[in-house]
Amino acid sequence: MKKGNLGIRLAVYGVLAFVLAYFGSSTLLFLMLGITLLVEKNEWATRQIIQALVLCYASSLVRSVLNIFDFMYKIPYVGTVWSILLDVIFVLIEIAVLVFAVLGIIKNLKDQDAAIPVASSVADWVYGVAKEKTAPAAAPAPAAQAAPAPQAQAAPAQDTTQQ
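Counting in the numbering used here, the sequence shown runs from 75 upward without gaps.
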């Protein structure tokens, strides 16, 4: 249970950030991010808030992209189907945000990193943490066969035959 410079447990920042992300309060999330960056200066707490921000904006981004097709509502019959389809998609988005927010809250209460799939990699990118991809180990080069040891040259045989 680490406490920050303000005397608040650092996990509280993460828990509050994921609650705010579920409710879509990006302005308050940016305020919390500023506090943790400038006052607390704690990387772990800042990473949790960045993950909550990514979760909040991912939901907003999907909603905004789907709302581009508002003209579909004006087409008879298609508008009804489109409305039902959008409602189903928006409910699924809300369920996904809720699940990730609850997972983030539970992990933060245990003083662990939330590790939200895409949000965690964004937080790593913000902090410049490069996760090295380990390449499979190359097969060891075959040992070069040792050259045969040079043999001592035998003295030329002397001709013992008489002439």
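Every residue, glycine too, gets a C-beta built ideally from N, C-alpha and C. Source: prediction; values computed, not measured.
Among the options, the one whose alpha carbon lies nearest that of residue i
i, options, result
"Leu105", "Glu117, Ser195, Trp118, Ile124", "Ile124"
"Val89", "Gly202, Ala193, Val192, Gln186", "Gln186"
"Leu177", "Asn116, Gln122, Thr101", "Gln122"
"Ser138", "Leu160, Thr154, Gly153", "Leu160"
"Val196", "Leu166, Tyr131, Leu112, Ile163", "Tyr131"
"Ala189", "Glu114, Trp118, Met146", "Trp118"
"Thr110", "Trp199, Tyr151, Asn79, Val165", "Asn79"
"Glu114", "Asp198, Lys76, Tyr96, Lys184", "Lys76"
DSSP bridge partner residues for residue i (one or two, in chain order)
i, result
"Lys77", "Arg83"
Residue i classed as buried or exposed, judged by whether at least 16 other C-beta atoms fall within 10 angstroms
i, result
"Lys181", "buried"
"Ser157", "exposed"
"Thr120", "buried"
"Leu135", "exposed"
"Glu168", "exposed"
"Tyr201", "exposed"
"Leu84", "buried"
"Tyr151", "exposed"
"Ile142", "exposed"
"Tyr147", "exposed"
"Ile163", "exposed"
"Ile149", "exposed"
query = Can you find at least 3 beta carbon pairs, one from the region 124 to 139 and one from the region 79 to 95, that sit closer than 8 Å?
reply = yes
ask   = Would you call the region 161 to 174 and the region 99 to 114 in contact, with 3 or more CB pairs under 8 Å?
value = no
4 or more residues per run - each alpha helix (DSSP H) lying fully within the region 147 to 198 = 152 to 183
request  = Could you name each continuous alpha helix (DSSP H) segment of 4 residues or more that falls completely within the region 81 to 146, going from the start of the chain to the end?
outcome  = 84 to 97, 100 to 109, 117 to 140
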